[in-house]
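Numbering (the numbering used here) for the sequence shown: 291 to 641. One structure is given here, and the rest of the page talks about it.
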Amino acid sequence: MALLPSNLQTIESHMLEVQSLHPTASGSFTGLLSDITFAAKIISREVNKAGLVEDILGATDEENVQGEVIQKLDDYANNIFLRCLGTRGQVCMMGSEELADPVITDTREGSGNYIVVFDPLDGSSNIDANVSVGTIFGIWRRKSRLDKVGMEDLLQPGMEQVAAGYVIYGSSTMFVYTAGHGVHGFTLDPSLGEFLLSHENIQTPFRGKIYSVNEAYEPRWTPEVREMVRQLKYGRHTKASSRKDKPTAGSGMSTRYIGSLVADFHRNLLYGGVYLYPPYEGRPQGKLRMMCEAAPLAMVAENAGGYASNGQESILTVKPTELHMRTPLYIGSRDDVLWIEKTLSKAEEAI
Ligand code: AHM
Ligand code: MG
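Okay, structure coming up:
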């Protein structure tokens, strides 16, 4: 017989416990989170049989608003989210990485209190090779009243999120979220079809040993980014001139880059480390999207004791100007990201 952890708790029971901390809560927010877990289970099932079923791997003939090829599973995951969320009228608007415009679902006053923005299947270009992929979501509260829902509801800074999280479809499927009361991780038991609490109150190490970046872009980085990454690699405070092309043994960090943001972020959250997607020539704002990738993961990072920056300020303070706004991203262990922010700002001042 399989051994089970001693205190078994399903995600629904955990969410109800969190809801009880807010005596006036109606349950609609908890219902919304539960809809997201349901969507995650369906996507997990489909991702897990991706190699077995014909016509599920590979690309569609379409491109998304950013001109990226839409994979078949992107499309599938996106539709599952649109169908599962807000079934009880909790959501007034949804924004997806895969859709050019937000979808308005409920404008009645008194219902549709939340806005959900998501990347249904992040890292999906990896999927045909069986590499871990993920879903990212952020939830904001509606601001407008009187049957009106508009861009002021959608374009809110990350710090206004009421909850955020991600699902990683890896060697097991995990759901990790925060509603401002700690970051909690749940592992899907496929035989039960339930997410069970496996990582309560995740705290990320203050400082890590891993940096994750696509170094192939190095020739197109700014000199400031290049120098900052060089210091991560060779050890901080080493001068290029004193290095003589030899690493400072033991003082630098190690690199790990899957190229799947959720997987890289999740590993660094547990082990400590920093994920970087700096701007580079040809992509002056980097690649990642503020609303459906950076802001939700920033809320998770900060609630676990980490930090996220665009190189100048906290990701959470930036007010997005459009649904698909891009941002440079430095995220992970607090001390490491603060050091990066300081190093980049100092370099900028010196120009
Ligand atoms: P996607 O949302 O289209 O999947 O793109 C985001 C992904 C991230 O998961 C990953 O970290 C990054 O793109 C990798 O980009 P690159 O190949 O430029 O390193
Ligand atoms: Mg993505």
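Glycine included, C-beta positions come from ideal geometry on N, C-alpha and C.
Taking a cut-off of 8 Å for Cβ pairs, the segment 360 to 376 and the segment 384 to 395 touch, as three or more such pairs fall below it. Residue 544 sits in a strand when the DSSP states are folded into three classes.
If you check the CB distance, residue 551 and residue 448 do not come in under 8 Å.
Remark: the C-beta of residue 566 is outside contact range of ligand 2, defined as less than 7 Å to any heavy atom. The closest heavy atom of ligand 2 lies less than 7 Å from the beta carbon of residue 551. Judged by DSSP secondary structure, residue 586 falls within the alpha helix (DSSP H) whose first and last residues are 585 to 593. Of 604, 504, 611 and 626, the smallest CA-CA separation from residue 563 is found for 626.
Of the candidates 486, 611, 314 and 367, the residue whose Cα lies closest to the Cα of residue 427 is 367. Annotation for residue 412: no alpha helix (DSSP H) segment contains it, though the beta strand (DSSP E) segment containing it runs 404 to 412. Shortest gap from the CB of residue 636 to any heavy atom of ligand 1: 7 Å or more. Segment contact: the segment 492 to 508 against the segment 314 to 332, fewer than three CB-CB distances shorter than 8 Å; contact not assigned. Boundaries around residue 366 are those of the alpha helix (DSSP H), 362 to 374, since no beta strand (DSSP E) includes it. Close to ligand 2, as judged by a C-beta nearer than 6 Å to any of its heavy atoms, are the residues 387, 409, 412 and 583, in chain order.
With a minimum length of 3 residues, the unbroken runs of beta strand (DSSP E) contained wholly in the segment 422 to 485 fall at 423 to 431, 451 to 459, 463 to 468 and 473 to 479. Sorting 422, 379, 419 and 420 by C-alpha distance to the C-alpha of residue 406 places 379 at the top.
Pairwise C-beta distances place the segment 511 to 523 out of contact with the segment 576 to 588, as fewer than three of them are shorter than 8 Å. Burial check for residue 312: the Cβ neighbour count within 10 Å stays below 16, so the residue is exposed. Looking only at 525, 478, 561 and 308, the smallest Cα-Cα distance to residue 332 is reached by 478. The beta carbon of residue 575 sits closer than 7 Å to the beta carbons of 569, 616, 617 and 618 from its chain, once the five residues preceding and following it are set aside; these are given in chain order. Taking the Cβ of residue 365 as the reference point, every heavy atom of ligand 1 lies at 7 Å or farther away. Here the C-alpha atom of residue 298 lies approximately 7 Å from the C-alpha atom of residue 487. Here residue 385 is bridged, per DSSP, to 407.
If the five residues before and after residue 554 are omitted, its C-beta is found closer than 6 Å to the C-beta atoms of 502, 548 and 565, all from its own chain and listed in chain order. At a cut-off of 7 Å, the beta-carbon of residue 433 does not count as near ligand 1: no heavy atom of the ligand is closer than that. For residue 420, the closest of 594, 630, 339 and 595 by C-alpha to C-alpha distance is 339. One alpha carbon belongs to residue 301, the other to residue 435, and they sit about 32 Å apart.
Our two residues, residue 585 and residue 463, have alpha carbons roughly 22 Å apart in a direct line.
Bounds of any beta strand (DSSP E) do not take in residue 572, whose DSSP letter is neither H nor E. Taking all protein chains in view, the Cβ of residue 480 is surrounded by fewer than 16 other Cβ atoms within 10 Å, so the residue is classified as exposed. Apart from sequence neighbours up to five positions away, the residues of its chain that approach residue 483 with a beta-carbon distance below 8 Å are 331, ordered along the chain. For residue 496 against residue 623, the beta-carbon gap comes to about 6 Å, under 8 Å, which counts as contact. No heavy atom of ligand 1 is found nearer than 7 Å to the CB of residue 324.
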